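If you count by our numbering, then the sequence shown holds residues 4 to 154, one letter each, in order.
Backbone N, C-alpha and C fix where the C-beta goes; we use that ideal spot for every residue, glycine too.
Only a predicted model underlies this, so the values are computations on that prediction, with no experimental measurement involved.
Here the structure comes first, spelled out in structure tokens, and everything after it is commentary.
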Amino acid sequence: TSLKKSIVGLTFIRDSDIRSDYFTQNAAKYGGLVEFYRSPARVAWTPTGNNVPDYPKLAQLWWKNVAVAVTGEKTPQQAMDSLANEMDDVMGRLQRAGMAHCAPKLNPKSPASHWLSTKEAPWAKLPNEKPKGETIAYDTLLNAWKAGKVR
């Protein structure tokens, strides 16, 4: 059935599949994928039919690398570096294959210092990644939200 294919391959065929009881009950396990496909953003596709070439292959790489970080086999940084290299390999193959529409175009490999020296993301690690939390009165936050401010 299409629902089984959606569960196994995470490639949704029917809207009813993504809205099924199974995906409703297990949405938290899919890292925002269910919420995305249920949202209006799902129709913002490129001419390739989806906005990530070979999404099923790239999704496999994500989960494989996140798993080794979660189990402690690799540090999160090592896992993300591995993920980036594996995704670059897949996207490079797609680029060389000459896709007709929206082919990936990879930048040349550059050291982290190159990317961290720009005004845009990514940014260098913060000196303190886990600052002490602060308590803010609910009414203060609510008023800030109403005013369109952060605080």
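What is the C-beta distance between residue i and residue j, in whole angstroms, given that I count them as a contact (C-beta under 8 Å)?
| i | j | result |
| --- | --- | --- |
| Lys7 | Ile16 | At roughly 10 Å, the Cβ-Cβ gap does not stay under 8 Å, so Lys7 and Ile16 are not in contact. |
| Met90 | Leu64 | 6 Å |
| Leu97 | Ala106 | 7 Å |
| Leu61 | Val11 | No, Leu61 and Val11 are not in contact; Cβ-Cβ is about 16 Å, not under 8 Å. |
| Pro79 | Ala70 | Not confirmed; about 12 Å, so no contact. |
| Leu13 | Pro43 | That belief does not hold up - the Cβ atoms of Leu13 and Pro43 are roughly 20 Å apart, past 8 Å. |
Could you give the residue range of the alpha helix (DSSP H) that holds residue i?
| i | result |
| --- | --- |
| Leu36 | Leu36 to Arg41 |
| Ile139 | Element bounds for Ile139: n/a, residue is neither H nor E. |
| Lys7 | Ser5 to Gly12 |
| Ile16 | Note, Ile16: premise wrong, no alpha helix (DSSP H); not H, not E. |
| Thr27 | Asp24 to Asn29 |
Given a cut-off of 8 Å, decide if residue j and residue i are closer than it, judged by their beta-carbon atoms.
| i | j | result |
| --- | --- | --- |
| Asn110 | Leu86 | no |
| Ser5 | Asp20 | yes |
| Arg155 | Arg22 | Lying outside 4 to 154, the shown extent of the chain, residue 155 is not represented and no answer is given. |
Residue ranges of each alpha helix (DSSP H) within the stretch 39-116, 4 or longer: 58-73 and 79-100
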